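Novice: Got a structure for you, written out below as structure tokens; questions coming shortly.
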Amino acid sequence: MVFSVANKQSFTLIDYWFNSIKEEIDIKKKVIYLVGNKIDLENREVSNEEAVNYAKMKDILYFETSARTGFGVKEVFQQLYQDIYTLFKNNKANNNDNNDNIELNDKKDKNKSQKKMAEYPSLTFEERQKKFKEMVEEKRGKLLEKKNINIDSKT
């Protein structure tokens with residue numbers, strides 16, 4: 000989960016994203032980090048201490064990076080690779096040929112919104128939020144349609 004240290008709102012949304020992830024998957028079988036990006040900017044709104052405390056509370060690792068300068072990016076990906084490999088290796092050893100192995104996509108639908116958002120790499124944070132909300136509303140409408148529930152928000 001990545002947030003901008005120069006944008007307090009992006010940090011406050013992390014709790015929403017973390018809880019959303021927990022609802023969808025067993026986080027003990029996944030690798031989740033908290034990454035504070037844009038540390039090269041002078042107008043920092045989220046302190047290192049605040050982010051570290053949040054990460055400790057959620058029992059996840061915290062990294063600080065700058066995509067512009069490249070600081071810390073390599074370390075995040077090295078740790079990610081190592082943790083995924085270890086998780087996969089441990090899971091395989093514990094389950095052998097059991098179907099409980101780590102799955103990159105538990106269900107086809109689970110990663111659709113992520114893949115959809117990847118189609119918009121040049122959007123600002125606010126534009127991505129708006130696009131995500133639109134996708135959620137579209138999905139909600141389809142679910143309601145599937146269950147034959149007709150909701151007219153204006154009545």
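For the sequence shown, position 123 (counting from the first letter as 1) is numbered 122 according to numbering that gives the first Met the number 0, and the numbering increases by one without interruption.
Ideal placement from N, C-alpha and C gives every residue a C-beta, glycine not left out.
Predicted model, so just to flag it, every value in this text is computed and none were measured.
1. If you follow the alpha helix (DSSP H) that Ser9 is in, where does it begin and where does it stop?
2. Taking 8 Å as the limit between beta carbons, can you name the residues of its chain near Asp108, skipping five residues before and five after?
3. So Gly1 is in the beta strand (DSSP E); what residue range does that whole segment cover?
4. Per the DSSP calculation, Asn36 is bridged to which residue(s)?
5. What are the boundary residues of the beta strand (DSSP E) that Glu44 is part of?
6. Looking only at its chain, what residues have a beta carbon closer than 8 Å to the beta carbon of Gly140, apart from the 5 residues adjacent to it on each side?
Specialist: The relevant details are as follows:
1. Where Ser9 is concerned, the enclosing alpha helix (DSSP H) starts and stops at Lys7 to Thr11.
2. In this predicted model, Asp108 has a pLDDT of only 48, less than 50, meaning its place in the structure is not dependable; the value taken from the coordinates is given anyway. Hits under 8 Å: none found.
3. Looking at the sequence provided, one finds Val at residue 1 rather than Gly. Note, Val1: beta strand (DSSP E), Val1 to Ser3.
4. Asn36 is bridged to Ser3.
5. Counting along the chain, Glu44 falls outside any beta strand (DSSP E), and DSSP gives it neither H nor E.
6. Nothing listed; no residue qualifies.
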